[in-house]
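The structure appears below as structure tokens.
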Ligand code: HSE
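Numbering (this note's numbering), first residue to last: 83 to 389.
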């Protein structure tokens, strides 16, 4: 037996300012390639990793951990070999670990004739994601699997809601080439927050979700505010306030940290404005020795796909 599948796993933006750990959206073009082979020999093996240094041991590789979770639940007679071609650097803030975690279970599920639905695949992938960030959350996993914007209402049991994508919404990303470990970016967050901050944050999140449903760009602009996480994490990103100011001057609806950083995202109405934000982002680190990458993306409403 040598049945194989090649897939593209997209990068994603988690949190989307006010939706820490619950809201996310899917990017286009940028992502990982994976090849999964179904073989006679039982067990899971990672046979190739390109693009960055990651462990081959399936107990410590996020793609291996999620694959094993699904394998142990289903107990198929066959085995699987996984090749990972990383297009998303670990620690970049655009869902690198989520892409690995999602890709292996999605590929195996396709080869086995889809015994599991998207929600169940997200649950297996969450086991892999937890290895990278030392906590379970699905705000990168869900948009990678479902596409578009997703809201994770609950993780045990998983309850995922797809939120519509306004047609003219575009994202601009700046990725300064420094690494921030999600586990460390989570460790600096307060364990408790004042009720008045919680009130403001959930008002913004509810309003943002309504604005996405109604394509109300002005309400998106008023709601893309994070008063709980951004104040603690922005110190990890060099020139954070200046870069955000550049995005807003260029006409973005809002700008915040992508996931746990160091990438930042801006959302804009129309591709021309998103491109203008990119132009302003490009010079952001010109007077430093920090390299950065910038790109414009439509919101990818398809999610993970077979090539
Ligand atoms: N919601 C997560 C965080 C995303 O911000 O820590 C990163 O994995």
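Note that CB positions come from ideal geometry on N, CA and C, so glycine has one too. Just so we're clear, the structure is a prediction, and the values are computed from it rather than from any experiment.
#### Entry: When 93, 87, 309 and 218 are compared against residue 347, the one with the closest alpha-carbon
93
### Task
Using only the heavy atoms of ligand 1, determine whether one of them is closer than 7 Å to the beta carbon of residue 96.
yes
### Query
Looking at the unbroken alpha helix (DSSP H) that takes in residue 326, where does it start and where does it end?
First-last of the alpha helix (DSSP H) with residue 326: 322-331.
### Task
Would you tell me roughly how many angstroms separate the C-alpha atoms of residue 105 and residue 127, rounded to the nearest one?
32 Å
### Message
With a threshold of 7 Å (Cβ to nearest heavy atom), would residue 342 be considered close to ligand 1?
### Response
yes
### Task
Name the two residues that bound the continuous beta strand (DSSP E) containing residue 335.
Per DSSP, residue 335 belongs to no beta strand (DSSP E) and is neither H nor E.
#### Entry: Reduced DSSP secondary structure (H/G/I, E/B, other) of residue 249
Looking at residue 249 - three-state DSSP - the assignment turns out to be coil, as it is neither helix nor strand.
### Query
Hey, would you say residue 175 sits closer than 8 Å to residue 344, going by beta carbons?
yes
### Query
In the structure shown, what three-state DSSP assignment does residue 227 receive?
helix
### Query
Excluding the five sequence neighbours on either side, which residues of its own chain have a C-beta within less than 8 Å of the C-beta of residue 409, listed in chain order?
Any question about residue 409 goes unanswered here, given that the chain covers just 83 to 389.
### Task
Could you tell me which residues DSSP pairs with residue 348 in its beta bridges?
Paired residues: 254 and 337.
#### Entry: Where residue 280 sits in the DSSP three-state scheme
Helix, per DSSP.
### Message
In the DSSP assignment, the beta strand (DSSP E) including residue 163 goes from what residue to what residue?
### Response
161-167
### Query
With burial defined as no fewer than 16 other Cβ atoms inside 10 Å of the residue's Cβ, what is the status of residue 258: buried or exposed?
buried
### Task
Tell me residue 439's beta-bridge partners as DSSP assigns them.
Nothing about residue 439 can be read from this structure; the chain reaches only from 83 to 389.
### Message
Out of 254, 111 and 211, which one is the CA nearest neighbour of residue 237?
### Response
Proximity to residue 237 across 254, 111 and 211 peaks at 211, based on C-alpha coordinates.
### Query
Alpha carbon to alpha carbon, what distance is there between residue 264 and residue 244?
25 Å
### Message
Does residue 312 pass the burial test, meaning 16 or more other C-beta atoms within 10 Å, or should it be called exposed?
### Response
buried
#### Entry: residue 315 burial status per 10 Å Cβ neighbour count (16 or more: buried)
buried
### Pairwise C-alpha distance: residue 365 and residue 375
11 Å
### Task
List the residues that DSSP assigns as beta-bridge partners of residue 130.
165
### Query
Hey, is the region 164-174 in contact with the region 117-135, meaning 3+ C-beta pairs nearer than 8 Å?
yes
### Message
On a Cα-Cα basis, can you pick out the residue from 273, 271 and 307 that is closest to residue 287?
### Response
Looking only at 273, 271 and 307, the smallest Cα-Cα distance to residue 287 is reached by 307.
### Query
Mind checking whether the beta-carbon of residue 196 lies closer than 7 Å to any heavy atom of ligand 1?
Proximity of the beta carbon of residue 196 to ligand 1 is not indicated: no heavy atom of the ligand is located closer than 7 Å.
### Message
With a threshold of 7 Å (Cβ to nearest heavy atom), would residue 308 be considered close to ligand 1?
### Response
Not under cutoff, so the answer is no.
### Message
Please state the DSSP three-state secondary structure of residue 142.
### Response
coil
### Task
Please report how far the alpha carbon of residue 147 lies from the alpha carbon of residue 250, in whole angstroms.
37 Å
### Task
Have a look at the DSSP bridge pairing and note the partners of residue 232.
According to DSSP, residue 232 shares a beta bridge with 106 and 244.
### Per-residue DSSP class, three states only, for residue 297
coil
### Query
residue 357 lies in the alpha helix (DSSP H); which residues open and close that run?
353-364
### Message
For residue 213, report the span of its alpha helix (DSSP H) as first-last.
### Response
First-last of the alpha helix (DSSP H) with residue 213: 200-215.
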